[in-house]
Amino acid sequence: MTAGEQYERFEHLVRLSWALHALGVCTSLVLPVTGQPVLEVRSVSGSLVRITVIWRSGWVFTWRPWWARLWLWNTWVVAHADNAADIIMAEVSA
Numbered sequence: 038m039t040a041g042e043q044y045e046r047f048e049h050l051v052r053l054s055w056a057l058h059a060l061g062v063c064t065s066l067v068l069p070v071t072g073q074p075v076l077e078v079r080s081v082s083g084s085l086v087r088i089t090v091i092w093r094s095g096w097v098f099t100w101r102p103w104w105a106r107l108w109l110w111n112t113w114v115v116a117h118a119d120n121a122a123d124i125i126m127a128e129v130s131a
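Heads up: the sequence shown is residues 38 to 131, going by this note's numbering.
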């Protein structure tokens, strides 16, 4: 993964974090030494949801484990969508 890709992931997660903040949600951005950045959000039930950004014909947010993404089609949202925070909160809260 190039430095440019890491920066793009970070940029998308920060933008999402601000959008979730506007909805009254507390978020934490985790920048590990190795691996990709992750946005942590507490769901209504109190469980921790980890949102990542992956490339799928464009940048998308995903909040399910990699193995769940293999067969669940509704586990991601386009990163440039204006309502990405609303969609993620609806899925996380369900």
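Where is the CB? At the ideal position from N, CA and C, for every residue including glycine.
It should be emphasised that the depicted structure is a prediction, and the values quoted were computed from it without experimental measurement.
Selected residue, minimal CA-CA separation from residue 123, among 85, 54, 43 = With distances taken between Cα atoms, residue 123 lies closest to 54.
query = If you compare alpha carbons, which of 58, 113, 44 is closest to residue 128?
reply = 113
Proximity of residue 75 and residue 91 at Cβ, strictly below 8 Å = no
request  = Just mark residue 135 as buried or exposed, buried being the case when its beta carbon has 16 or more other beta carbons within 10 Å.
outcome  = What is shown of the chain runs 38 to 131, which leaves residue 135 out entirely.
query = So residue 100 and residue 125 are in contact, right, with Cβ under 8 Å, and what is the actual spacing, rounded?
reply = 7 Å
request  = Sort out for me which residues DSSP pairs residue 85 with in a bridge.
outcome  = 79
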